[in-house]
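Comments concern the structure below.
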Amino acid sequence: MPLRPTHVSKPLVIHQIKLDPAALKALPKEVRRTVLLLGHVANEVNTLSRLLLFSVHKQDHPIKALFAEARSATILRLLIGVTFEGFRAIERTVLRSAHARPYLAHLAPGGEVALKQVKKALSDNKLMAGIRNAYSFHLPTDDQIDAAFVRLPADADMSVYSGEPRHSTLNTSSSLLMTRGILDLVDDPRKGTSRKSTDKQLMKIVTDDVIAKSNDLNSFIEFFVLAIIERENLQKGALTEALVVDTHESVGSFQIPPILRS
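Residue numbering for the sequence shown follows this note's numbering, starting at 39 and increasing by one per position.
Structural data, given as structure tokens:
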């Protein structure tokens, strides 16, 4: 009997690349800033991607499901905003920066593909920009609130669930409002261009878009930072295997409780 189902991905092997602090300090400021900034972007995108994955488990109670759905939607909005900001950082610090050109010329073969995907995403980011500007990193305007409110179903659960401590509070009407506004950015029947998609189909468009683009962003950052590490001899010592994670066990067993408690 196999130890793991054949459809489950292989264990995740984590490698460690130690950086030489002196070599990092000796880099031109512009290059060092880029390494540190893009590392920060990758950290945020990776964290939110994992949180989104862990938050979508089905719940065995309708109230728990409301909390879980609201928090999944919040994580999704944050991932959209962080990913959009990450592309803006790439555009500013890499694509429009003279100091980045030598490293772009030394990308590994996979890095060239990742660079093309980043450029493609930058030319097709209208949906992500709209969500980021109104519902992710900014609060919606009065007009956006009013427009989304009139589109909420008449039978929608508009409740305030409040627990102890206070961070277990959920305002369902506000959560539904944010989701409605985002879905209408994808397809708004009031504009006469409706594809008659269901809300589930619209949410899949939003989710698939950010997952694909966040993966492309992460991939390029890794290739680009590695190009800097190799060209500037930043690596201290040999590449080592730091950790092996059973992805089937970690993804299957870890959950973010829908009602978080202190």
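Just so it is clear, CB atoms sit at the ideal spot from N, CA and C, and this is done for glycine as well.
Between the options, which has its C-alpha nearest residue i's C-alpha?
i: E107; options: N209, F125, I128; result: N209
i: V79; options: S252, L142, N271; result: S252
i: L301; options: Q273, S257, F261, N84; result: Look at the range of the chain in this structure, 39 to 300, and you will see that residue 301 is not part of it.
i: Y199; options: F105, L160, L153, A152; result: F105
i: S211; options: V248, P191, L62, I243; result: P191
i: L162; options: D184, R115, D247; result: First, the amino acid is wrong: residue 162 is Asp here, not Leu. Comparing Cα positions, the closest option is D247.
i: S206; options: A61, L50, K102; result: K102
i: L165; options: V69, D225, L89, V263; result: D225
i: L91; options: V73, L75, L281, S110; result: S110
i: D184; options: M216, K157, R139, E150; result: M216
i: L272; options: S257, V73, V283; result: V73
i: A127; options: K158, R71, E150; result: R71
Can you tell me the Cα-Cα spacing of residue i and residue j, whole angstroms?
i: P40; j: E129; result: The pLDDT assigned to P40 is 42, lower than 50, so where the model puts this residue is not dependable; a value taken from the coordinates is nonetheless given after this. Rounded to the nearest angstrom, the two C-alpha atoms are 47 Å apart.
i: L214; j: A194; result: 8 Å
i: G124; j: T112; result: 18 Å
i: H99; j: S93; result: 15 Å
i: H137; j: P66; result: 9 Å
i: P178; j: K96; result: 29 Å
i: S197; j: V188; result: 17 Å
i: K154; j: A250; result: 14 Å
i: A280; j: R88; result: 20 Å
i: G119; j: F175; result: 6 Å
i: E268; j: L160; result: 27 Å
i: L142; j: L50; result: 28 Å
i: G148; j: S235; result: 36 Å
i: L75; j: D180; result: 34 Å
i: I259; j: P59; result: 20 Å
i: V69; j: S135; result: 10 Å
i: D284; j: E82; result: 22 Å
i: K150; j: G77; result: Residue identity check: residue 150 is Glu in the sequence provided, not Lys. Computed Cα separation, rounded: 19 Å.
Give a yes or no on whether the C-beta atoms belonging to residue i and residue j are separated by under 8 Å.
i: A265; j: L145; result: yes
i: L223; j: I169; result: yes
i: L86; j: T245; result: no
i: G219; j: A172; result: yes
i: D237; j: L255; result: no
i: E202; j: A61; result: no
i: L57; j: K274; result: yes
i: F122; j: A186; result: no
Taking residue i and residue j to be in contact with their CB atoms under 8 Å, please state how far apart those CB atoms are, rounded to whole angstroms.
i: I52; j: L277; result: Rounded, the Cβ-Cβ distance is 11 Å, inconsistent with contact.
i: V132; j: F261; result: Not really, about 11 Å apart at Cβ, beyond 8 Å.
Determine the DSSP secondary structure at residue i, reduced to helix, strand or coil.
i: T278; result: strand
i: L272; result: coil
i: H53; result: strand
i: N209; result: strand
i: V315; result: Because the chain in this structure spans residues 39 to 300, residue 315 falls outside the shown range and cannot be described.
i: V188; result: coil
i: V94; result: coil
i: S300; result: Note that S300 scores a pLDDT of 36, beneath 50, so its modelled location is shaky; the value from the coordinates is reported in the next line. DSSP places S300 in coil when its eight states are reduced to three.
i: R42; result: Note that R42 scores 45 on pLDDT, short of 50, meaning its location in the model is unreliable; the coordinates nonetheless yield the value given after this. It is coil, neither helix nor strand.
Can we count residue i as close to the ligand GDP, meaning its CB is less than 7 Å from some heavy atom?
i: F105; result: As for the ligand GDP, it is missing from this structure, which has no ligand bound.
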